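A.B. asks: This is the structure, below, for whatever I ask next.
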Amino acid sequence: MSVEKKSKKRLFIGLITGTSFLLCLFLASLWYVPYVGISSFGPWAAWILGIVVTALILLVGWAYLALLASIVLGKTFPFSKKARGLTIKLFLPLMTILGRIFGLSKRKIRASFIKVNNELVQSKAGTCDPDKILMLTPHCLQNSKCDMRLTYDVDNCKRCGLCTIKGLLELRDKYGAHFAVATGGTIARRIVVEKRPQLIIAIACERDLASGIQDTYPLPVFGVLNERPHGPCLDTQVSIIAVENALRKFIKAEKLPADADKNVGMTPLSGL
Numbered sequence: 335m336s337v338e339k340k341s342k343k344r345l346f347i348g349l350i351t352g353t354s355f356l357l358c359l360f361l362a363s364l365w366y367v368p369y370v371g372i373s374s375f376g377p378w379a380a381w382i383l384g385i386v387v388t389a390l391i392l393l394v395g396w397a398y399l400a401l402l403a404s405i406v407l408g409k410t411f412p413f414s415k416k417a418r419g420l421t422i423k424l425f426l427p428l429m430t431i432l433g434r435i436f437g438l439s440k441r442k443i444r445a446s447f448i449k450v451n452n453e454l455v456q457s458k459a460g461t462c463d464p465d466k467i468l469m470l471t472p473h474c475l476q477n478s479k480c481d482m483r484l485t486y487d488v489d490n491c492k493r494c495g496l497c498t499i500k501g502l503l504e505l506r507d508k509y510g511a512h513f514a515v516a517t518g519g520t521i522a523r524r525i526v527v528e529k530r531p532q533l534i535i536a537i538a539c540e541r542d543l544a545s546g547i548q549d550t551y552p553l554p555v556f557g558v559l560n561e562r563p564h565g566p567c568l569d570t571q572v573s574i575i576a577v578e579n580a581l582r583k584f585i586k587a588e589k590l591p592a593d594a595d596k597n598v599g600m601t602p603l604s605g606l
């Protein structure tokens, strides 16, 4: 595993540990602070509140341990399938706040989250038929000087090779997965509803990937980060090899084409 990937995992583990501790501390304070006042409702009121708060603390602790076991050991606890959901819905927003307090950029936090999310998706999603997989990309992958409209029909692409859309179309044709280009979250959600995939391979920046993973939960989303040599949202690029490797992770072995080991006919660009 590369140093960068290990660093991303360490950042995530550190943030999730701090977030879980602070959340448990907050829950404990809900019982301790009003302890004297709540006793006026009856001798058992404080005990009942304490039991409820303790149960919530145990729930957070169990979710944290289940997530940590999946990340570090690759093992699962009972009910650990819910770990990804808790990470997306509960831990990520709190981790972002905690990270900002310590001066960490949102980009680093989101990249760490995407890395861990991908590992959880890979360990839990299994494999499926290629026509149950949707490759979803932003329109900024299209060359900014191109006047072809690809949002509603990617086959309008002339495959000139000036952007990575050509390579992604070749992946679609080679493996049989769906491929779509979206100009925003609303269109992306419409595409997901229409295609009804079992799994999405999404290409975007850290911000859009993190929000897309949250929006589509519980549908598994495997993220591939794009590269932005010209700045955000302009002529972005992605590694075709990285996307192809992602496809091969989730397509059933018997459904892979005979020449699946051959690279798609396009020069690879940098990516996740």
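Each residue of the sequence shown is one higher than the last, beginning at 335 in the numbering used here. Even glycine gets a Cβ: it sits at the ideal position worked out from N, Cα and C. Remember, it's a predicted structure, so these values are computed and weren't measured experimentally.
1. Along the beta strand (DSSP E) that carries F556, what are the first and last residues, could you check?
2. Which ranges would you report for the alpha helix (DSSP H) in the segment 515-585 if only whole runs of at least 4 residues count?
3. So, P464 versus I585, is the Cβ gap smaller than 8 Å?
4. Please classify D542 as buried or exposed, where buried requires at least 16 neighbouring CB atoms within 10 angstroms.
5. Roughly how many whole angstroms lie between the Cα atoms of L364 and I574?
6. For E540, is the classification buried or exposed, using 16 other Cβ atoms within 10 angstroms of its Cβ as the cut-off for buried?
7. Going by alpha carbons, who is nearest to S446 out of L424, E588, R344 and P552?
8. What is the DSSP secondary structure of T471, counted as helix, strand or coil?
9. What is the residue span of the alpha helix (DSSP H) that I588 lies within?
10. By how many angstroms is the C-alpha of L468 removed from the C-alpha of D487?
11. Give the straight-line distance between the Cα atoms of S545 and A592, rounded to the nearest whole angstrom.
12. I need the straight-line Cα distance from Y398 to K342, nearest angstrom please.
13. Under three-state DSSP, which class holds C358?
14. What is the DSSP secondary structure of F436, counted as helix, strand or coil?
15. Using 10 angstroms around the beta-carbon of K449, count the other beta-carbons present and answer buried if the total reaches 16, otherwise exposed.
16. Is the segment 471-480 touching the segment 553-569 in the sense that three or more CB pairs, one from each, lie closer than 8 Å?
17. Which residue marks the beginning of the alpha helix (DSSP H) containing R506, and which one marks its end?
C.D. replies: Reading off the structure:
1. From DSSP, the beta strand (DSSP E) with F556 extends over V555 to L559.
2. 519-529, 540-550 and 574-584
3. yes
4. buried
5. 51 Å
6. buried
7. R344
8. Reduced to three states, the DSSP call for T471 is strand.
9. The sequence given here places Glu at residue 588; Ile does not occur at that position. Looking at the DSSP string, E588 is not in any alpha helix (DSSP H), and its letter there is neither H nor E.
10. 14 Å
11. 36 Å
12. 17 Å
13. helix
14. coil
15. buried
16. yes
17. I499 to Y509
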